[in-house]
Amino acid sequence: MKRRLAKTVAATAGGERANHMTAKKPPGLVPLDSGTPNFPTPEHITEAAKEALDQGLTGYAPGQGDPEFLEAVCEHVEREANAKYTPHSVIATNGASSGIYAVMTAFLDPGDEAILMDPTFSLYAHVALQLGAVPVQVPHNADYQVDVEAVRRAITQRTRLILVNNPNNPTGVVYRREDLAALAELATDHDLMLVSDEAYAKILQPGFEHVPLLSFTEHRDHLILLDTFSKTYSMTGWRLGFMVLPEDLPQPMFSVHRSINGPINTFVQRAGAAALRSSQECVEEFKREYHKRGRLMNEMTRDIPGLIPIEPQGGFYQYCRYEYPIPSSEVRKRVWEAGAAIRSGSEFGASGENHLRFTYSVNEDVIEKGMKIVGEVFRHLG
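All letters in the sequence shown, in the order written, are residues 975 to 1356 by the working numbering.
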């Protein structure tokens, strides 16, 4: 039967992201494609959830969020960005994903434009297209950093949002302070919203510093932070995140978020509050392990003829360019057939063509096994 789908849904249903996410994985497939940390959630976080369950906190939470959680987010933002917000400006979300959808829905009418970096997390363009809006993808410069002048040239009378993902997925690049400051100034000058998805802010390789967008306090009326507990605290299945907004936006943003997602479970929010308020040694342990894994994967990609990796900076992704005139979706398919799952660069934007993304959120033996498969495929390509 041929169904009549909404045009905006039909336009995204067969995309590369959707096809990859819904593909049936054969047994034994080596997972170098996942954005899921393989660490267990730290025990003190799960204990906080258990305690909340024991207290009977299983009813509906307040719509905007549990007061204890909202306070913990404000404390976190003040520590990290030296910016003061009240719980009124925070909304608990289902990971970062529902925040992404709520922000884009709140600001984009059909035909409006959202400026995205290219390449970047593929969900942004996917959501914009489902809303009937236009994702305007602005390529990074040769160092995979933000090209501020290209962003400036891309702004039109239909532009409503500039959205960045820092550190960037898929490249793993950590954006420079001066470029983020320039984007904040652009947003203010053109009365736009600058939205920063900082899911990987705590996952940094040695020598790199994450600059929180909210630290540019002089532009706070044009800044929105999206964040999630999924990556930092290995809480992907908990589905907890938050938005931090200018003071006039929580009410309209909540009305959008409430229409797609009910209140987040109170016991999950209490776990999130414990994650933010407790010792961050677990995060440091994860970082040390990601440093070892990233170094291993980078060395292995450098040993594969035809692959040109960039140095890991943040997140847990190894991004590589390759030299062969074959679409990255086809390379992804060949690696899949050989026994490993990876992501094609073209999923993340036009500039991602002739690039591949591998993850080192997995154990070192998985990295070694998967990269040997990739190496064998590339020997055939060569």
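We treat Cβ as the ideally placed atom computed from N, Cα and C, and that holds for glycine.
Restricting to Cα atoms, I'd like to know which of the options is closest to residue i.
| i | options | result |
| --- | --- | --- |
| H1114 | S1325, N1337, I1347 and S1253 | S1325 |
| Y1174 | D1153, F1190, E1152 and M1209 | M1209 |
| P1144 | P1283, L1157 and T1060 | P1283 |
| S1233 | S1008, T1067, G1344 and S1096 | T1067 |
| G1349 | E1321, A1312 and V1336 | A1312 |
| D1171 | R1276, E1304 and G1073 | G1073 |
| D1086 | D1092, L1097, K1058 and R1132 | R1132 |
| H1354 | Q1292, K998 and I1278 | I1278 |
| P1301 | L979, A984 and E990 | E990 |
On the DSSP bridge list, what partners appear for residue i?
| i | result |
| --- | --- |
| D1171 | N1139 and L1200 |
| G1215 | T1067 and T1202 |
| V1004 | A1314 |
| C1294 | P1283 and L1330 |
May I ask which residues mark the beginning and end of the alpha helix (DSSP H) holding residue i?
| i | result |
| --- | --- |
| M1227 | P1224 to I1234 |
| Q1287 | Counting along the chain, Q1287 falls outside any alpha helix (DSSP H), and DSSP gives it neither H nor E. |
| P1041 | P1041 to A1055 |
| V1112 | Here V1112 belongs to no alpha helix (DSSP H); instead the beta strand (DSSP E) covers V1108 to P1113. |
| F1352 | E1338 to L1355 |
| R1244 | T1240 to R1251 |
| M1274 | E1255 to R1276 |
| T1020 | E1017 to D1028 |
| Q1104 | L1097 to Q1104 |
Can you tell me where the beta strand (DSSP E) with residue i in it begins and where it stops?
| i | result |
| --- | --- |
| T982 | Premise fails: T982 lies in the alpha helix (DSSP H), K981 to A987, not in any beta strand (DSSP E). |
| H1329 | H1329 to T1333 |
| A1088 | E1087 to D1092 |
Excluding the 5 residues preceding and the 5 following residue i in the sequence, name in chain order all residues of the same chain whose CB lies nearer than 7 Å to its CB.
| i | result |
| --- | --- |
| A1026 | T1240, F1241 and R1244 |
| G1289 | P1141, N1143, G1146, Y1174 and I1177 |
Count the other CB atoms, across all protein chains shown, that sit within 10 Å of the CB of residue i; report buried if there are 16 or more and exposed otherwise.
| i | result |
| --- | --- |
| N1139 | buried |
| P1286 | buried |
| G1236 | exposed |
| M975 | exposed |
| V1351 | buried |
| S1204 | buried |
| Y1296 | buried |
| N1056 | exposed |
| L1199 | buried |
| L1154 | buried |
For residue i, collect the residues of the same chain with a Cβ closer than 8 Å to its Cβ; drop the 5 residues on either side in sequence, then sort them by chain order.
| i | result |
| --- | --- |
| K1266 | E1338 |
| P1226 | A1080 |
With a threshold of 6 Å on Cβ separation, who are the neighbours of residue i within its own chain once the five nearest residues in sequence on each side are excluded?
| i | result |
| --- | --- |
| R1317 | D1007 and R1331 |
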